[in-house]
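Numbering (the numbering used here), first residue to last: 26 to 565. Where is the CB? At the ideal position from N, CA and C, for every residue including glycine.
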Ligand SMILES: Cc1cc2nc3c(=O)[nH]c(=O)nc-3n(C[C@H](O)[C@H](O)[C@H](O)COP(=O)(O)OP(=O)(O)OC[C@H]3O[C@@H](n4cnc5c(N)ncnc54)[C@H](O)[C@@H]3O)c2cc1C
């Protein structure tokens, strides 16, 4: 009977593992791949999507087009029962739990971004991992240019025109290089913004950029980025972030409304809860890619800690989390699953990197290939040639090439398409002294204090001013309930403060749906500010 090989994850590791297993075992295996998205994302191209040189749908390929004879299930993996050999997934609109059985399980679920260790970073930073992140960053950069063009407040203009990237590894350097190119090429559409007003900064904890590459190439990359006006701050960590500030470990404050975090890779909670042995937050595997202590569970890619030699201890003794390695691991994994099915001996994973490449934007790059160091235009061309060759799917290769040709002969588009709205409830962090809002601003939502304290100054209809000091558990901004569309109060943070913001419409809908909440907020407005409710006021 055909063996059921179940692969979790449709990234480099999962996609190539599914292809290789099917190629090796043919009819002897029934291969199924489960992924949250129905497309494959070529992550190395994400910075180019963020910069608008490739449009988002052209940088991805449907998994179904890439995987012939493999059953693709678009679903979210929830848990694994290793004893019953069952994976539980949530699928469909109703998110119904479904049990999927396996004979061999391959875990290739990558990593997630966890920024929770730095206060405010998870709530205020953009990330660069998913297609949506890249699309959102492009929209965000254009939004800041639009805002800078029209604001009359110098402080706001400065914040809008300061763009920061945290992390100067591959993804940080490529992201900042591409983002700078997008800004430089877009400025001609914004006559009120001069190039000298734009500040682009990279913050890196290590004492060099691109620590994955030889030092000389790291130095070249740094010089090249600095020549293009990018500030590089080395040896500095990030202490906290707000909607208008990035605060560094040495106390430096960067006024900015754009923070892109390319740090914080962490194991996904699902992978952590699988009951498989973990090491350094990854699934511990043998050199054969079998999960430790399991014959029929395998892992590869970014979620696995893969020793490259017996007794591996140091960081360099393990396979790096790169696409280049994930693809080679997939070949070894498929050969070993086939050997295991056929009762043949398994082989350890072995691969020597052919080199590394990074694009710096503006037609420059750095590379080390077979020990030869290359920089500048040749390295950039090599980067493009290599990745277009590596891209799976003929039509995706053609689409990316056409995007690059169009980009070479035309201006960058500053069209800002309306994207997904931010969540109706989200956290915002403020530093002591920050203005949260002031009288006259648009009444955008209701604020609940999670930690910290604020001062609220309210001007009543009789001209009398009320001053309130509010702390954890208190809320403000609820005048929306009585039809306030502009703020009547000014609120400032007295100390570092975290608030939960509930957007205007969501708040009104919630209060409408729960009479007990409506009664509570009306009573609060009456006793605190002497404001009477408006009868029959409904959500807009
Ligand atoms: C901006 C950027 C640039 C990069 N540049 C390079 C480069 O130049 N060269 C290089 O070699 N590498 C590069 N990398 C690294 C490379 O992309 C990763 O090493 C590679 O993508 C890892 O593949 P993976 O399959 O292990 O994980 P991923 O590609 O992250 O795939 C994980 C898969 O698991 C799925 N998944 C996760 N959780 C669930 C769940 N609960 N249910 C269902 N499905 C789930 C996801 O949907 C996804 O399909 C870069 C990465 C980034 C972010």
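The three-state reading of DSSP puts residue 67 in coil, since its state is none of H, G, I, E or B. Rounded to whole angstroms, the Cβ separation of residue 190 and residue 200 is 6 Å, and the two are in contact under 8 Å.
Remark: three or more beta-carbon pairs, one from each stretch, lie closer than 8 Å, so the stretch 450 to 465 and the stretch 515 to 524 are flagged as touching. With respect to the 8 Å criterion, residue 58 and residue 114 are not classified as neighbours on the basis of their beta carbons. Every alpha helix (DSSP H) stretch that sits fully inside the stretch 246 to 322 and reaches 4 residues is listed by chain position as 294 to 297. Looking at the DSSP output, residue 494 bridges to 480. Boundaries around residue 123 are those of the beta strand (DSSP E), 121 to 126, since no alpha helix (DSSP H) includes it.
With respect to residue 313, residue 371 sits close: the two C-beta atoms are nearer than 8 Å. By the C-beta criterion, the stretch 196 to 210 is judged to be in contact with the stretch 248 to 260, since at least 3 inter-stretch pairs fall below 8 Å. Closest by C-alpha distance to residue 550, out of 417, 503 and 224, is 503. Boundaries of the alpha helix (DSSP H) harbouring residue 549: 540 to 554, taken from the DSSP string. If you draw a straight line from the Cα of residue 547 to the Cα of residue 455, it is about 28 Å long. At least one heavy atom of ligand 1 sits closer than 7 Å to the Cβ of residue 38. According to the DSSP secondary-structure assignment, residue 525 is paired through a beta bridge with 452 and 473. Around the Cβ of residue 530, a 10 Å sphere holds fewer than 16 other Cβ atoms; the residue is exposed.
Between residue 344 and residue 331, the beta carbon gap of about 4 Å places them in contact (Cβ cut-off 8 Å).
Its Cα nearest to that of residue 408, the residue 385 stands out among 421, 385 and 471.
The stretch 38 to 54 makes contact with the stretch 129 to 139, as at least three CB pairs between them are under 8 Å. With 16 or more other Cβ atoms inside 10 Å of its own Cβ, residue 532 counts as buried. Between residue 178 and residue 383, the beta carbon gap of about 37 Å keeps them out of contact (Cβ cut-off 8 Å). Secondary structure of residue 163 (DSSP, three-state): helix.
Ligand 1 has a heavy atom closer than 7 Å to the beta-carbon of residue 349. Rounded to whole angstroms, the separation of the alpha carbons of residue 164 and residue 442 is 7 Å. With distances taken between CA atoms, residue 174 lies nearest to 219 out of 47, 219 and 148. Taken in chain order, the unbroken stretches of beta strand (DSSP E) that lie wholly in the stretch 341 to 396 and span 3 residues or more are 380 to 386 and 389 to 394.
Taking each of 156, 242 and 149 in turn and checking the Cα distance to residue 523, the smallest one comes out for 149. Short note on residue 68: C-beta closer than 7 Å to some heavy atom of ligand 1.
For residue 238, no alpha helix (DSSP H) run applies, since DSSP gives it neither H nor E. Secondary structure of residue 462 (DSSP, three-state): strand. The alpha-carbon of residue 362 is positioned some 25 Å away from that of residue 63. The Cβ atoms of residue 53 and residue 75 do not sit closer than 8 Å to each other. For residue 421, the enclosing alpha helix (DSSP H) begins and ends at 419 to 434. Sequence-distant Cβ neighbours of residue 471 in its own chain, meaning closer than 7 Å and more than five residues away, are 500, 502, 503, 505, 527 and 532. Residue 229 and residue 261 have their C-alpha atoms roughly 6 Å apart. Rounded to whole angstroms, the gap between the alpha carbons of residue 393 and residue 241 is 10 Å. For residue 129, the enclosing beta strand (DSSP E) stretches over residues 129 to 132.
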